[in-house]
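In the numbering used here, the protein residues as written are 17 to 237.
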C-alpha cells in the first residue's frame, strides 16, 4: 500500500457546488499524506452547455444562496448581474481547457488556478467562458505558459483535455457518482466514492477521516 492515499476530485469549473467545495479541496490538498488529482467532467460543456435564460438564472441563484449559507463562499451582486443577468451560454469548455493547460505547464498550481477561475466568475463577475478572459486571469496569476497555450490551443492540449474529461466521465459512471462535486478515495486497499452531500456535511470529520489514510497517518497539527 502506498504511503499516500489518492483522492480524485470530480468537478466542473462552472458548477456552483464545486465552488462551494473549494475551501475543503484546498484543505485536503495541503494534507501531506494525500495526493489530490483534479478530474474535470465537462458537465456544462458540449451537449451539457445551458442557455442562461431568466428561468435558469433564477434557478442557479436559488442554489447559489443555499451554497453560500452552507459554505460561506461569496456570490456577489456583480456575478448575479454580469453573469447570470447577461444571458448567453453556460459552457465550461474553455474554463476546463484552461485548467488542463495549467496541469500541463505548472501542475503544482492547478488547484490554485481552478480557485482563481471560480472567484473570477462568482466574486468578480467575469465571463470565464471567454478564452481572452481566462488568458488574462492566468497571466495575472503568473501562469503565463498556460495562458500562452490558450492563445492557440494545439493538438497536444486538446487531446490531453479530451482524455481527462473522458476518463472523468468514465469514473462517474463506474462509481455511479450522479453529479459533482465528488471524491474518489483510494487508500491502496479499497476505493470509495464520497458524494456531494458528504462534502457539505461535517467538513472537519471528513478531513480527519481522510487525513488518517496512508501508512504515515500524520496528524492535522
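From the three backbone atoms N, C-alpha and C, an ideal C-beta is built for every residue, glycine too.
(1) For residue 32 versus residue 92, is the C-beta spacing smaller than 8 angstroms?
(2) Can we say the segment 178-192 touches the segment 154-165, given the rule of at least three CB pairs closer than 8 angstroms?
(3) Leaving out five residues on either side along the sequence, give the residues of the same chain with a beta carbon under 8 angstroms from the beta carbon of residue 172.
(4) Residue 150: buried (16+ other C-beta within 10 angstroms of its C-beta) or exposed?
(5) Spell out the partners DSSP gives residue 66 in its beta bridges.
(6) Give me the Cα-Cα distance between residue 200 and residue 215, rounded to the nearest whole angstrom.
(7) Measure the Cβ-Cβ separation of residue 129 and residue 166 and say whether it is below 8 angstroms.
(8) Name the one or two DSSP bridge partners that residue 25 has.
(9) By how many angstroms is the C-alpha of residue 209 removed from the C-alpha of residue 190?
(10) Short of 7 angstroms in beta carbon distance, which residues of its chain neighbour residue 80, apart from the five on each side in sequence? Order them along the chain.
(11) Considering only residues of the same chain and omitting the five flanking positions on each side of residue 219, which have a CB-CB separation below 7 angstroms?
(12) Suppose contacts are defined by Cβ-Cβ distances below 8 angstroms. Is residue 34 in contact with residue 139 by that definition?
(13) Could you have a look at residue 210 and say whether DSSP puts it in helix, strand or coil?
(14) Measure the C-alpha to C-alpha separation of residue 99 and residue 69 and round it to an integer number of angstroms.
(15) Using only CA atoms, which one of 28, 24 and 44 lies nearest to residue 222?
(16) Write down the C-beta distance between residue 26 and residue 198 rounded to the nearest angstrom, noting that I regard them as a contact closer than 8 angstroms.
So, from the listed chains and residues:
(1) Taking 8 angstroms as the Cβ cut-off, residue 32 and residue 92 do not qualify as a contacting pair.
(2) Counting Cβ pairs under 8 angstroms, fewer than three are found: no touch.
(3) Cβ-Cβ distances below 8 angstroms link residue 172 to 120 in the same chain, with the five nearest sequence neighbours on each side left out; the list follows chain order.
(4) Buried is the label assigned to residue 150, since at least 16 other Cβ atoms lie within 10 Å of its Cβ.
(5) 106
(6) 12 angstroms
(7) No, they are not a contact pair.
(8) BP columns for residue 25 point to 54 and 199.
(9) 10 angstroms
(10) 32 and 91
(11) In its chain, beyond the 5 residues on either side, 40 have a beta carbon closer than 7 angstroms to the beta carbon of residue 219.
(12) no
(13) strand
(14) 11 angstroms
(15) 44
(16) 5 angstroms
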